[in-house]
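**Q**
Residue numbers (the working numbering): 65 to 787.
Take a look at the structure:
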C-alpha cells in the first residue's frame with residue numbers, strides 16, 4: 065500500500081491515533097533534539113554532497129542527454145518535430161554489449177606466490193636424500209632427514225588447505241551470482257550498456273544479513289524479508305498509537321499478513337553476497353578524485369544517492385523524517401511545497417534524497433537525508449573491510465587523461481555528430497523527394513477551385529471537364545508541368561558518415577546492417593580494427609570483474625559464518641578465521657580472461673588440436689581432464705561425471721581377446737606382439753552384417769587416442785557445420 069507520508073497523510077490514515085507521550089516509541093517520529101555539533105556535522109556533509117553535485121552538474125547533464133540520444137536517435141527537438149531518424153547509435157550499443165558480455169564470469173582462485181618450504185629446496189633429489197638419511201646410524205643425520213620430511217609435509221598440507229579454501233571461495237561466488245535478483249547477467253549487461261551510454265557505471269559489493277533491510281535491496285537476494293519488514297513497520301505504527309486500531313485499513317492489512325505467514329510451514333530468510341548496480345548520476349564522488357579507476361585515487365569520500373519515500377525510510381531506518389526534510393520530485397529536483405499538485409499524487413510524490421557516504425578519512429559510513437537534522441543511522445565503521453576502503457567499483461571504457469575532467473566521454477557522445485549528420489542527410493533527401501513530386505502551373509483564374517481539386521486529387525481513369533478549355537484547345541495551354549531538379553545522390557551520400565562511425569565508435573558499416581560497395585579486403589581490415597577495440601574493452605571489463613571477484617572474496621571471508629558456508633558449498637568446504645591482512649597476503653579470486661565474451665569455437669578447437677598431442681606425451685596429465693577439455697571445445701553436452709570412471713580400462717582393451725588366443729605360434733603370432741597383437745588375429749568369416757556395433761575401425765586403445773580421434777575425424781569434421 066502506497067500513500068503520501070506527510071502530516072496530512074498520517075492524519076488521514078491514523079483515524080485520530082496519537083502517540084502516547086509516556087511510552088517510548090518504536091520508531092522515532094518527532095524532530096530530534098541534539099547538540100549543535102551533531103547538527104553542524106550533518107549539515108556539513110549535506111553541503112559537501114550538494115556542492116559536489118554542483119561541480120559535476122554539467123557532466124550529469126551530458127549523461128542524461130546521452131541517454132536521450134541513445135533512446136531517440138536524435139536530440140529531443142529533432143525527434144519531437146517528427147524529422148527522419150535512423151537510430152544507428154542504439155544499434156552500435158546493442159552490438160557492443162553483445163560482443164563484450166555474453167556469459168557470466170568464471171572465477172578461479174589464485175594464491176599469491178609464497179615460499180612454503182623452509183628447508184626443502186623443492187627438488188626430488190633433496191627429498192630422496194632426506195629419506196635415505198632416516199636410515200642412517202648418525203642421530204644428527206636422522207634428525208636432519210626428519211626435519212626435511214616434516215617441512216615437506218607441512219608445506220604440502222598448507223597448499224592443500226589453501227586449495228580447499230580457494231575452491232570454497234569460487235563455489236560461493238558462483239552460487240551468489242546465480243542467486244541475484246534480477247539476474248547477475250541481466251544487470252551486468254545493463255552496466256556495460258550504461259558505461260557505453262554515459263561513460264561510467266558502478267558496481268557495489270555488499271552483504272545482505274538475515275532480516276536486514278537496506279536502501280539498495282532491490283538488487284538483493286529474493287526472500288521473505290520484504291514482507292516481514294513491512295509487517296514489522298505496520299505493527300510498530302499500531303504499537304506507537306499512530307494508527308487508530310478501530311478504523312485504519314492498515315490493521316486489516318496487518319491481520320491478513322499475520323494469517324498468511326501462519327499458514328506457511330516454512331519462511332525462507334537468507335543472507336549472502338549481493339551486488340548493487342547504481343546509475344551513473346547517483347554516485348557522487350569527491351571533486352578531489354583524480355580518476356575513476358582503482359579505488360577512486362585522491363577521493364576522501366564517495367556517496368550513493370537514493371530517492372526514497374518517507375514511508376520507505378521508516379521501514380529501513382526506523383526513523384520518521386516527516387517532521388522536516390527537503391522534498392524532491394522523481395528526477396531529484398528540489399521542489400517547494402507549492403510546486404506539488406495534490407491532484408496528481410501519482411506523479412508528484414514528495415521524495416526524500418538519502419545519501420550513504422563512505423568517509424575514508426574517518427573510516428565511518430554516514431546515512432543522511434537532505435534537510436533532516438540528524439543522521440538516519442548512527443555513524444559506524446563499514447561491516448567489512450576491502451582494499452581501497454570503497455566497496456564501489458567503476459566500469460569505464462573510454463578513460464582519458466584530463467586534469468580538468470573526471471568523467472570520460474561516452475560512445476554515444478562521441479557518435480552524436482555522425483548520428484546527427486546521418487539524420488540530416490536522410491531528412492534532406494526526404495524533403496528533396498517530397499519537393500520533386502509532380503506539380504503544374506496554370507494562369508491565375510483560368511481554372512475554378514473545384515476543377516483544381518479534381519485535377520489534384522483525381523481517381524484512376526477520371527474524365528475531368530474544364531470550363532475554360534475551348535474546343536480544339538490543348539490542355540497544355542492551361543496547365544504546364546514544372547521542371548524539377550533531379551536528386552543528386554552525391555549530395556546525400558552516407559558512406560562518409562559510416563567511415564566516421566568506424567573511426568570514432570569502432571563499428572563498421574557491415575556491423576550496422578550492410579555495406580555499400582566495400583570490397584572484401586576493406587571489410588576485413590575494418591573488422592580487424594573493430595575487434596582490436598573490442599578486445600581492449602574486454603580487457604577493461606575483465607579487470608573490473610576481477611576486482612569484483614577479489615572484493616567479493618574479501619567480504620565473504622570476513623562476514624560469512626562457517627555453518628552457512630558449509631550449507632551452501634558442502635561439508636567439505638574449508639573456511640578459515642582470517643583478518644583482512646591475512647586474506648590479502650594469501651588468496652584471492654580472479655575472473656578468467658575472456659570468460660564473459662562469446663567463445664570463438666573455431667579458434668579454440670584449432671589451438672587444442674595443436675596442444676593435445678603435446679600434452680599426451682607429458683607424464684602425469686590425467687585422461688579425465690583431457691576428455692573434459694576436449695568435450696568442452698567440441699561443445700558436447702556429455703556428462704563427464706557419468707562418462708568417466710577412474711581406473712577403468714578402455715572399451716577396446718576390455719573387448720580385445722586375451723593373450724594366447726588362437727593364431728599359431730612363432731614370432732609373428734598375435735600373442736607375441738604385445739597386448740594389442742590380438743587385434744591382428746584373423747577374424748571369423750561371417751556373411752551378412754555383423755551383430756552389434758561396427759568395430760571395423762576399432763575404438764581407440766586409450767583416452768589419448770580417443771581425444772585425437774575426436775579432434776581429427778569424429779569431432780571437428782563431424783561437427784564442422786556448427787562452427
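Glycine included, every Cβ here is placed at the ideal spot set by N, Cα and C.
1. According to DSSP, simplified to helix, strand and coil, what is residue 441?
2. Let me know the secondary structure DSSP gives residue 458 once reduced to three states.
3. Under 8 Å, with one C-beta from each stretch per pair, do the stretch 601-613 and the stretch 192-209 reach the 3-pair mark?
4. Comparing C-alpha positions only, which one of 136, 386, 207, 166 sits nearest to residue 183?
5. Buried or exposed for residue 482, please, with buried defined as at least 16 other CB atoms from any protein chain shown within 10 angstroms of its CB.
6. To the nearest angstrom, how far is the alpha carbon of residue 156 from that of residue 464?
7. With three or more beta-carbon pairs closer than 8 Å as the criterion, would you say the stretch 156-169 touches the stretch 487-494?
8. So which of 172, 527, 346, 239 has the shortest CA-CA distance to residue 628?
9. Nearest to residue 119 by CA position, among 470, 252, 267, is which residue?
10. Using a Cβ-Cβ distance cut-off of 7 Å, determine whether residue 713 contacts chain D.
11. Taking the Cβ atom as the reference point for each residue, do residue 335 and residue 272 lie within a distance shorter than 7 Å?
12. Taking only three categories from DSSP, how would you classify residue 470?
13. Could you tell me the distance, in whole angstroms, from the CA atom of residue 525 to the CA atom of residue 519?
14. Determine the DSSP secondary structure at residue 223, reduced to helix, strand or coil.
15. Would you tell me roughly how many angstroms separate the C-alpha atoms of residue 484 and residue 604, rounded to the nearest one?
16. Does DSSP put residue 78 in a helix, a strand or coil?
17. Using only alpha-carbon positions, find the residue among 440, 450, 556, 451 that is nearest to residue 495.
18. Flag this pair as touching only if the stretch 362-374 and the stretch 422-436 have three or more C-beta atom pairs under 8 Å; answer yes or no.
19. Excluding sequence positions up to five away, which residues of its chain have a Cβ less than 6 Å from the Cβ of residue 175?
20. Assess contact between the stretch 347-361 and the stretch 441-448, defined as three or more Cβ pairs (one per stretch) separated by less than 8 Å. Is contact present?
21. List in chain order: all unbroken beta strand (DSSP E) runs of 3+ residues lying wholly within the stretch 187-211.
22. Which stretch, first to last residue, makes up the alpha helix (DSSP H) that contains residue 129?
23. Which residues bound the beta strand (DSSP E) around residue 393?
24. Quick check on the burial criterion: 16 or more other C-beta atoms within 10 angstroms. Buried or exposed for residue 614?
25. Exposed or buried, what is residue 342 when buried is set at 16 or more other beta-carbons lying within 10 Å of its beta-carbon?
26. Going by C-alpha distance, which of 117, 543, 129 is nearest residue 258?
27. The alpha helix (DSSP H) with residue 479 in it runs from where to where?
28. For the beta strand (DSSP E) that residue 450 lies in, which residues bound it at each end?
29. Less than 7 Å separating the beta-carbons of residue 148 and residue 256?
30. Using the rule of at least 16 other Cβ atoms within 10 Å of the residue's Cβ for burial, across every protein chain shown, is residue 548 buried or exposed?
31. Which residue comes first and which comes last in the beta strand (DSSP E) that contains residue 418?
32. Quick check: what's the CA-CA separation for residue 113 versus residue 367?
33. Hey, quick one: how far does the beta strand (DSSP E) through residue 538 stretch, first residue to last?
34. Sorted by chain position, which residues of the same chain lie with C-beta nearer than 6 Å to residue 458's C-beta, five sequence neighbours on each side aside?
35. Is the Cβ-Cβ distance between residue 477 and residue 435 less than 7 Å?
36. Tell me whether the stretch 550-566 and the stretch 504-520 touch, counting them as touching only if at least three CB pairs, one residue from each stretch, are closer than 8 Å.
**A** Reading off the structure:
1. Stepping through the chain shown from its first residue, residue 441 is reached at position 377. Strand at residue 441.
2. On the chain shown, residue 458 is found 394 positions in, with the first residue counted as 1. Here residue 458 sits in strand by DSSP.
3. no
4. As a first step, residue 183 is located in the chain shown; it is residue number 119 there, counting from the start. That would be 207, whose Cα lies nearest to the Cα of residue 183.
5. Looking up residue 482 in the chain shown gives position 418. Classification for residue 482: buried.
6. Taking the chain shown and counting its residues from 1, the one referred to as residue 156 is at position 92. Taking the chain shown and counting its residues from 1, the one referred to as residue 464 is at position 400. Spanning the two alpha carbons is a distance of roughly 21 Å.
7. no
8. Position 564 of the chain shown, counting from 1, holds the residue named residue 628. Cα-wise, what sits closest to residue 628 is 239.
9. Translated into positions along the chain shown, residue 119 becomes position 55. When only C-alpha atoms are compared, the closest one is 470.
10. Of the chains in the structure shown, none is chain D; there is only one protein chain.
11. The residue given as residue 335 occupies position 271 in the chain shown. The residue given as residue 272 occupies position 208 in the chain shown. Yes. Within cutoff.
12. Here residue 470 is taken as the residue at index 406 of the chain shown, counted from 1. Three-state DSSP puts residue 470 in coil, outside helix and strand.
13. Working through the chain shown from its first residue, we reach residue 525 at position 461. Working through the chain shown from its first residue, we reach residue 519 at position 455. Answer to the nearest angstrom: the Cα atoms are 12 Å apart.
14. The sequence position of residue 223 within the chain shown is 159, counting from 1. Helix, per DSSP.
15. Translated into the one-based positions of the chain shown, residue 484 becomes position 420. Translated into the one-based positions of the chain shown, residue 604 becomes position 540. Straight-line Cα distance between these residues: approximately 29 Å.
16. Residue mapping note: residue 78 aligns to position 14 of the chain shown, counting from 1. Caution is warranted here: a pLDDT of 40 is assigned to residue 78, below 50, making its placement in the model unreliable, and no coordinate value can be reported.
17. For the purposes of this step, residue 495 is identified with residue 431 of the chain shown, where counting begins at 1. It is 556.
18. yes
19. If you number the chain shown from 1, residue 175 lands on position 111. Only 226, 651 meet the Cβ criterion.
20. no
21. none
22. Numbered from its first residue, the chain shown carries residue 129 at position 65. Its alpha helix (DSSP H) spans residues 121-136.
23. Stepping through the chain shown from its first residue, residue 393 is reached at position 329. Run containing residue 393: none; DSSP gives neither H nor E here.
24. For the purposes of this step, residue 614 is identified with residue 550 of the chain shown, where counting begins at 1. Answer is buried; the Cβ neighbour count reaches 16.
25. Residue 342 sits at position 278 when you count from the first residue of the chain shown. It counts as buried.
26. Working through the chain shown from its first residue, we reach residue 258 at position 194. Comparing Cα positions, the closest option is 129.
27. Within the chain shown, the letter at position 415 stands for residue 479. Element bounds for residue 479: n/a, residue is neither H nor E.
28. For this step, residue 450 is matched to residue 386 along the chain shown. Per DSSP, residue 450 belongs to no beta strand (DSSP E) and is neither H nor E.
29. Taking the chain shown and counting its residues from 1, the one referred to as residue 148 is at position 84. Taking the chain shown and counting its residues from 1, the one referred to as residue 256 is at position 192. Result no, Cβ atoms of residue 148 and residue 256 do not sit closer than 7 Å.
30. The residue you call residue 548 lines up with position 484 of the chain shown. Answer is exposed; the Cβ neighbour count stays below 16.
31. The sequence position of residue 418 within the chain shown is 354, counting from 1. 415-423 is the extent of the beta strand (DSSP E) around residue 418.
32. Position 49 of the chain shown, counted from the start, is the residue given in the question as residue 113. Position 303 of the chain shown, counted from the start, is the residue given in the question as residue 367. When rounded, the distance between both Cα atoms is 7 Å.
33. On the chain shown, residue 538 is found 474 positions in, with the first residue counted as 1. No beta strand (DSSP E) holds residue 538; DSSP gives it neither H nor E.
34. As a working mapping, residue 458 is identified with position 394 in the chain shown. Counting only Cβ-Cβ distances below 6 Å, and skipping sequence neighbours, we find 264, 266, 356.
35. As a first step, residue 477 must be located in the chain shown, where it is residue number 413. As a first step, residue 435 must be located in the chain shown, where it is residue number 371. Cβ atoms of residue 477 and residue 435: not closer than 7 Å.
36. no
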